[in-house]
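See structure below.
Number of protein chains: 2
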Amino acid sequence: MLTNRQLQILQAIVDDFIMFAQPVGSRQISKKQEITFSPATIRNEMADLEELGFLEKTHTSSGRVPSEKGYRFYVDHLLSPQGINSRDIQQIQSIFNDRLVEVEHIIRKSANILSELTSYTSILLGPDVQRHRVKRFSIVPLSSDAAVAIIVTSNGHVENRMFNLPPNFTASDLEKMVNILNERLIGESLEDIHKKLEAEVLTVLQQHVQSADDFIRSLVTATMHNSESKIFYGGKTNMFNQPEFHDLNKVRMILDLMETTSQVQSLFHPNESGIHIRIGSENKQLEMENCSVITTTYSIGEEQQGAIAIIGPTRMDYKRVVALLDVMRMDLTQAFTKNRSD
Amino acid sequence: MLTNRQLQILQAIVDDFIMFAQPVGSRQISKKQEITFSPATIRNEMADLEELGFLEKTHTSSGRVPSEKGYRFYVDHLLSPQGINSRDIQQIQSIFNDRLVEVEHIIRKSANILSELTSYTSILLGPDVQRHRVKRFSIVPLSSDAAVAIIVTSNGHVENRMFNLPPNFTASDLEKMVNILNERLIGESLEDIHKKLEAEVLTVLQQHVQSADDFIRSLVTATMHNSESKIFYGGKTNMFNQPEFHDLNKVRMILDLMETTSQVQSLFHPNESGIHIRIGSENKQLEMENCSVITTTYSIGEEQQGAIAIIGPTRMDYKRVVALLDVMRMDLTQAFTKNRSD
DNA sequence: ATTAGCACTCCTCTTAGTTGAGTGCTAACA
DNA sequence: TGTTAGCACTCAACTAAGAGGAGTGCTAAT
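If you read the sequences in order, they're chains A and B. Quick note: the first sequence uses the numbering used here, first residue 303, plus one each step. Quick note: the second sequence uses the numbering used here, first residue 303, plus one each step.
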């Protein structure tokens, strides 16, 4: 168990290092207002904290730097919840000024403002398209052998895909088909559609339409394709500002990771509410060993969920980011549920 | 006018520098197969070429480096058209293996393959949505005050946008409206729609539907919004490989530029056929003063046009990139016009 | 006209020395 | 007994000096 004084010193060191990105010496700590004891005492405590694994030295005679364990402790026990600046709140509110109707717009704007406010990189996941419910299904023929399938979901998202028509497919075939599909599929979620298409709808269609088999197969692969939630980025190059990323290789690896959808998706904790912090090697990705990722989720309507991640150096301003994400999560949730009800 | 020998030496120097990214000395040139004269002679010629502005020195006793004027001359006069490797051609062909129907897929894949083959960054512009022709117009109501407008274009693109419905808008109003819109707008290009909507369609609608005014306004702003061609990137971080970009600031500026749609769009020469090369400061953007940009266009169907850009260091392998772009342009054009006719 | 030879330049790499921030330990102090 | 002043020690960061080498420009010989 740490003594009060050790807690105080650990906090001071982490705060200081987060601010200045320089190893922190005993003298520097001793000069702080709230510290009443001498550098020598601090040195003794520091040595103890190092032995306990909370601090590290970059070399024998350098100041101390928080270890991952140190950050973890700081985040878990020393992070006094902090209000944020009214100017920041105002800026967040400005996202909702426009009376925009589209979810996508709001999320895009949120990504930009978050990256601006934190000076880190933000990633926002939109609603999971797979869970949207079908509002209308239609097919627009383009030529004798190609058509576009269009699915409008209840919250206004439009999913569309081209596919090939089987030969000898008539306009009346198409019409029948669309009617059947609408009858059967409206109200279902997109992820259920695939199953339904192949199971019940197919047999019904086969009774009415020639070569329904091919058709359904086209349609299934077509609607299945675009299955992930959309991803929005803010401040992709913000990390260039951080001294720990003055290394091209690190930056490159992270930027490359962000181009890979699957990797990005695995940064998140789906279906877990609250704010999650992963520090350095707590991240599964090797590329992220110098980064911390703070994630949270927000609601879109009653069923849908979106997610937010902030990526920064392990020396991230946790206090501020957590506070900002908290506001952001609540505001987005509120905006999207209010939007729904009127 | 340059002598034959000067041409030969200039070419050798540029080729060598493109390959090794190191200032080229007289000895190194003299060792080449095709060079029959001594280092001393080469030094004299080099001094002349420098005086003429084609070469530069990084310091008094360094080898020579091509100046922008040197690259320009090389590109204009010394670039013997070169066939490309059959393996490369094969890889390009692989884009079209899948029998993909969607334009977007092919372009996305092309961007990736181009960046892979060149090891530079590629940017592909899709067709200009504004010039697509309307195939079908429909409106799907979502709630009492919101709806989605959907425009399907003749080549299968789907443009959609949410908008607010005026109060007291009935289902039959909506139906009438959609009918009128389809009557009037099918076959028009998207860019013409805006004008038409405001001019003739508005007056017609006003006769049939209450508060058509508000409605049209919503619709115009809605369809106008998404007006640029889609942009696809390949190999965004490839420039990290180039020694001239081992400078974080340069990389950052270019990456930031690539996030700005308007800046990216201004890299292209719309409506000019052929292959264009802009070297260093010939680019309008200050951020690009160390880059060369090679652009070209391809056709999508009979009316539409897409564009390709490759961004690399001024020390770019012009010969190879030009050859690759030439193949790419023709293959894409062919694929998209063939696609149309069957 | 071409080229061998040579003095000269200047970048790059290495080594040595200096400075200064910071530590750990010991001994004195309250 | 906990705290602190004092001091020797460590090591990164900076500076200066010197060696090596790739390359040039000029001159004189071929």
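Glycine included, every Cβ here is placed at the ideal spot set by N, Cα and C. Small disclaimer: the values here were computed from a predicted structure and weren't measured.
8 Å Cβ cutoff, residue i in contact with chain A
i, result
"LEU588 (chain B)", "no"
"ILE452 (chain B)", "yes"
"ALA448 (chain B)", "yes"
"ARG554 (chain B)", "yes"
Proximity test, Cβ basis, 8 Å: residue i and chain B
i, result
"ARG438 (chain A)", "yes"
"VAL442 (chain A)", "yes"
"GLU604 (chain A)", "no"
"LEU550 (chain A)", "yes"
"GLU404 (chain A)", "yes"
"ALA413 (chain A)", "no"
Alpha-carbon spacing of residue i relative to residue j, whole angstroms
i, j, result
"ASP515 (chain B)", "ASP475 (chain A)", "38 Å"
"THR598 (chain A)", "SER445 (chain A)", "46 Å"
"SER417 (chain B)", "ASN540 (chain B)", "8 Å"
"ILE602 (chain B)", "ASN592 (chain A)", "45 Å"
"THR505 (chain B)", "PHE534 (chain A)", "40 Å"
"SER491 (chain A)", "GLU546 (chain A)", "44 Å"
"SER363 (chain B)", "ARG433 (chain B)", "57 Å"
"ASN481 (chain A)", "LEU487 (chain A)", "10 Å"
"ARG642 (chain A)", "VAL405 (chain A)", "Only weak support exists for where ARG642 (chain A) lies, its pLDDT of 48 falling under 50; the value from the coordinates is given anyway. Going by the C-alpha atoms only, they are around 11 Å apart."
"LYS479 (chain A)", "THR472 (chain A)", "According to the sequence displayed, residue 479 (chain A) carries Met and not Lys. So the two alpha carbons sit approximately 11 Å from each other."
"HIS407 (chain B)", "SER332 (chain B)", "49 Å"
"SER575 (chain B)", "GLY536 (chain B)", "22 Å"
"GLN392 (chain A)", "ASN399 (chain A)", "10 Å"
"ILE386 (chain A)", "ILE394 (chain A)", "11 Å"
"PRO368 (chain B)", "ILE315 (chain B)", "7 Å"
"VAL377 (chain A)", "TYR620 (chain A)", "7 Å"
"LEU357 (chain A)", "LYS586 (chain A)", "23 Å"
"TYR304 (chain B)", "SER424 (chain A)", "The amino acid at residue 304 (chain B) is misidentified as Tyr; the sequence shows Leu. Between LEU304 (chain B) and SER424 (chain A), the C-alpha separation is close to 55 Å."
"ASP447 (chain B)", "ASP430 (chain B)", "31 Å"
"LEU507 (chain B)", "LYS532 (chain A)", "37 Å"
"PHE638 (chain B)", "GLY614 (chain B)", "27 Å"
"LYS538 (chain A)", "GLU336 (chain B)", "48 Å"
"VAL566 (chain B)", "ALA611 (chain B)", "10 Å"
"GLY355 (chain A)", "GLU370 (chain A)", "9 Å"
"GLU477 (chain A)", "GLY458 (chain A)", "23 Å"
"GLU605 (chain A)", "PHE570 (chain A)", "18 Å"
Those residues which DSSP pairs with residue i across a bridge
i, result
"TYR600 (chain A)", "A:GLY608"
"LYS359 (chain A)", "A:ARG366"
"LEU426 (chain B)", "B:PHE534 and B:ILE610"
"MET464 (chain B)", "B:VAL450"
"ARG435 (chain B)", "B:SER491"
"PRO615 (chain A)", "A:CYS593"
"VAL326 (chain B)", "B:ARG366"
Quick one: which residues of the region 535-547 of chain A get their C-beta closer than 7 Å to a C-beta of chain B? List them in chain order.
Near chain B, meaning a CB-to-CB distance below 7 Å, the residues of the region 535-547 of chain A are LYS538, THR539 and PHE542.
Along the region 556-576 of chain B, where does the CB come closer than 8 Å to a CB of chain A? Name the residues.
LEU557, ASP558 and GLU561
Every unbroken alpha helix (DSSP H) inside the region 473-545 of chain B [4 residues or more]:
473-487, 492-498, 504-510 and 514-527
Note down, in chain order, all residues in the region 454-479 of chain A with a beta-carbon under 8 Å from any beta-carbon belonging to chain B.
VAL454, SER456, ASN457, GLY458, VAL460, ASN462, ARG463, MET464, PHE465 and ASN466
Which runs of the alpha helix (DSSP H) fall wholly inside the region 551-583 of chain B and span at least 4 residues, in chain order?
563-567
Which runs of the alpha helix (DSSP H) at least 4 residues long sit entirely within the region 437-462 of chain A? Give them in chain order.
No alpha helix (DSSP H) of 4 residues or more sits fully in the region 437-462 of chain A.
Check distances from the C-beta atoms of the region 309-330 of chain A to those of chain B and list, in chain order, the residues that come in under 8 Å.
none
At a Cβ cut of 8 Å, what residues of the region 415-436 of chain B count as close to chain A, listed as they run along the chain?
Taking 8 Å as the Cβ-Cβ cut-off against chain A, none of the residues of the region 415-436 of chain B qualify.
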